[in-house]
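**Q**
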Amino acid sequence: MGKQPKSGKNGSGEGLDTAREKMIGQHIGYRYDVNLLPDYDRLTPYLKAYMEFMGWDDLNWLEDVHLGYEAGEPAIFDRNINGWVRIPKSIDLPDNQQDRDMLARELLVRFQTSPNHPLKELNKAYRKF
Amino acid sequence: MAEIARSTPTAQDLRVQELGFHTESLKGRSIEKFFDIDLDAPAQGFSLPDAYDVDFKKRAEIDASNMTASVVNQAIRMLMQDGYGTIVIRNPGAKHSIAVGILNRLNLIIEGSLGYFGCGLIDGPNIRISGRVGWSCAENMMSGTVLIEKNAGSQFGAAIRGGDLVCKGDVGSRTGIDMKGGNIIVGGDTGAFTGFMMQRGRMVICGNAGKNLGDSMYDGTIYLGVEPASLGVDAVWGEMTDLDRQWLTRKLRMYDLLPQGGIGAFRKIVAGKQLWNYDNLEPTEKKMVL
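Line by line, the protein sequences are chains Y and H.
Numbering-wise, our numbering comes out as the position in the first sequence, counting from 1, plus 40.
Numbering-wise, our numbering comes out as the position in the second sequence, counting from 1, plus 489.
(1) Would you report the Cα separation of Gly48(Y) and Asp57(Y), rounded to the nearest angstrom?
(2) Give every residue of the same chain whose Cβ lies closer than 7 Å to the Cβ of Ala558(H), excluding the five residues on either side of it in the sequence, and list them in chain order.
(3) Please confirm whether Leu133(Y) and Pro114(Y) have their CB atoms less than 9 Å apart.
(4) Taking 9 Å as the CB-CB cut-off, is Gln533(H) touching chain Y?
(5) For the beta strand (DSSP E) holding Pro114(Y), just list the boundary residues, first then last.
(6) Residue range of the beta strand (DSSP E) that Tyr712(H) falls in?
(7) Compute the distance between the beta-carbons of Gly684(H) and Leu702(H), then report whether it is under 9 Å.
(8) What distance in whole Å lies between the Cβ atoms of Asp135(Y) and Met743(H), which are believed to be in contact at a cut-off of 8 Å?
(9) Taking the alpha helix (DSSP H) that Asn562(H) belongs to, which residues open and close that run?
(10) If you follow the alpha helix (DSSP H) that Met743(H) is part of, which residue opens it and which one closes it?
(11) Closer than 7 Å between beta carbons: that is the criterion. Which residues of the stretch 640 to 660 of chain H meet it against chain Y?
(12) Flag Asp723(H) as yes if its beta-carbon sits less than 9 Å from any beta-carbon of chain Y, otherwise no.
(13) Starting from the C-beta of Ala647(H), find all residues in its chain whose C-beta is less than 8 Å away, skip the five residues before and the five after it, and write them out in chain order.
(14) CB-CB under 8 Å to Leu515(H), same chain, minus the five flanking residues each way: which ones, in chain order?
(15) Applying the criterion that 16 or more other CB atoms from any shown protein chain within 10 Å of the CB defines a buried residue, is Asp731(H) buried or exposed?
(16) Hey, Gly661(H) and Phe645(H) are a contact pair by Cβ (cut 8 Å); roughly how many whole angstroms apart?
(17) Going by DSSP, what residues sit across from Asp73(Y) in a beta bridge?
(18) Since Ala724(H) and Gly699(H) are thought to touch, with beta carbons under 8 Å apart, how far apart are those beta carbons, to the nearest angstrom?
(19) Expressed to the nearest angstrom, what Euclidean distance is found between the alpha-carbon atoms of Glu513(H) and Arg119(Y)?
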């Protein structure tokens, strides 16, 4: 499995970086670089096919998706369930953030479009039209 | 001490509990959902659950001149149900709330102008508007593209979460207020308090910006082609990187907004991060920190 970011970025509660974080006992801000722009040379075939299907020239909303960390485990934030999805331990993480982000984007789309996604159940429960 | 009155759970409450959601504190707790992914398996499709299966080559037109906004929106949904992937709306007559709540891939062409709250709450469609738009265009947009050929009103892209929202002309004040992701691109000038309380995402302004650009921004990036009247509280100049330049060039070229001289004049504005007070401090403690 690939390396996690340095302590203080993994949500583990250890290694709080700044004096201010130490004072309040929690991290401030996002736990990964939300401003990192994607490197399009590292697109996966799945993401290329997804872009073509949607009629987009680029990753569109997926540009904002990054591999983050939840409870010390690599995870992806799924805005549709407002929660973190930890990635299977069987998947090896690439050794650089750009490739990790591309993997996160692919896994998130696969998860969101699968019949196992909680949105399927939520849709049944709450759909109004 | 007051007690919390608890009533018998309704059918809806029970349904929510069955789904694994509870009202207790989430701190230190996780909902365990197991999902195996085989990356070598072929894709099962790219649509969200319950999305309509549409074909971009199947085209239909709606003449909205004698229709209410609600009827226009229902007509769009019915056409998507029938598999139409390209829909043209003629004579929208600047009606409010047209093309809202589209959670599907779709090519939507609007020939004319929209009123308030046009294209709000969308997730997936590609929309092109040949005219102008009123206040709060594409509010809470989740993904897709919206391209406006002329000008836009205030609160353009309010609380946008994803996708590309592009206005080739000028826009009003509070552009991208509370934006949480995605990209807002303005070909001309933008008004006061642009990027107010911005939390994520990127904004590109090819022209000038009004007073208090990026006021109280929490994170995200603003690229500015000309000058701001002033920067807002906690908005500071950042350093352009090669990745910024590549992204900016590609994005502006996509929408025919790349200046003839390139992006050399663009500068970057980011959060100074002095207003990060999302914690449990009391107001007096916050004053001490600031």
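Where is the CB? At the ideal position from N, CA and C, for every residue including glycine.
**A** The relevant details are as follows:
(1) Taking the first sequence and counting its residues from 1, one reaches residue 48(Y) at position 8. Taking the first sequence and counting its residues from 1, one reaches residue 57(Y) at position 17. Note that Gly48(Y) has pLDDT 38, beneath the 50 cutoff, so the model's placement of it is unreliable and the number below is only indicative. Each residue's Cα considered, the two are about 6 Å apart.
(2) Mapped onto the second sequence, residue 558(H) falls at position 69. Excluding sequence neighbours, Ala558(H) sits near Lys584, His585, Ser586, Ile587.
(3) Stepping through the first sequence from its first residue, residue 133(Y) is reached at position 93. Stepping through the first sequence from its first residue, residue 114(Y) is reached at position 74. Yes, the Cβ-Cβ distance between Leu133(Y) and Pro114(Y) is below 9 Å.
(4) In the second sequence, the residue the question calls residue 533(H) occupies position 44. Yes, contact with chain Y.
(5) Residue numbering aside, residue 114(Y) sits at position 74 when the first sequence is read from its first letter. Taken as a continuous stretch (DSSP letters only), the beta strand (DSSP E) holding Pro114(Y) covers 113 to 118.
(6) For the purposes of this step, residue 712(H) is taken as the residue at position 223 of the second sequence. Element bounds for Tyr712(H): 710 to 713.
(7) The residue given as residue 684(H) occupies position 195 in the second sequence. The residue given as residue 702(H) occupies position 213 in the second sequence. Contact: yes.
(8) Working through the second sequence from its first residue, we reach residue 743(H) at position 254. Working through the first sequence from its first residue, we reach residue 135(Y) at position 95. Actually they are not in contact, since the Cβ atoms of Met743(H) and Asp135(Y) sit about 31 Å apart, beyond 8 Å.
(9) In the second sequence, residue 562(H) corresponds to position 73, counting from 1. Looking at the DSSP string, the run of the alpha helix (DSSP H) that includes Asn562(H) is 558 to 570.
(10) Position 254 of the second sequence, counting from 1, holds the residue named residue 743(H). Taken as a continuous stretch (DSSP letters only), the alpha helix (DSSP H) holding Met743(H) covers 731 to 743.
(11) Arg650, Gly651, Gly652, Asp653
(12) In the second sequence, counting from the first residue as 1, residue 723(H) sits at position 234. For Asp723(H), no Cβ of chain Y is located within less than 9 Å of the residue's own Cβ.
(13) Within the second sequence, residue 647(H) is the residue found at index 158, counting from 1. Taken in chain order, the residues that qualify are Ser625, Glu628, Asn629, Arg663, Gly665, Ile666, Asp667, Met668.
(14) Start at 1 with the first residue of the second sequence, and residue 515(H) comes out as number 26. Caution applies to Leu515(H), whose pLDDT of 46 falls short of 50 and renders its modelled position unreliable; the value that the coordinates give is listed next. Correct list: empty, nothing qualifies.
(15) What you label residue 731(H) is simply residue 242 of the second sequence in a count that begins at 1. Exposed, because fewer than 16 other Cβ atoms sit within 10 Å of the Cβ of Asp731(H).
(16) If you number the second sequence from 1, residue 661(H) lands on position 172. If you number the second sequence from 1, residue 645(H) lands on position 156. Correct: roughly 7 Å between the Cβ atoms.
(17) On the first sequence, residue 73(Y) is found 33 positions in, with the first residue counted as 1. Beta-bridge pairing by DSSP links Asp73(Y) to no other residue.
(18) In the second sequence, residue 724(H) corresponds to position 235, counting from 1. In the second sequence, residue 699(H) corresponds to position 210, counting from 1. The C-beta separation of Ala724(H) from Gly699(H) comes to about 13 Å, leaving the pair out of contact by the 8 Å criterion.
(19) Stepping through the second sequence from its first residue, residue 513(H) is reached at position 24. Stepping through the first sequence from its first residue, residue 119(Y) is reached at position 79. Any reading at Glu513(H) must be qualified, since the residue scores a pLDDT of 47, below 50, and its modelled position is unreliable; the value itself is stated next. When rounded, the distance between both Cα atoms is 20 Å.
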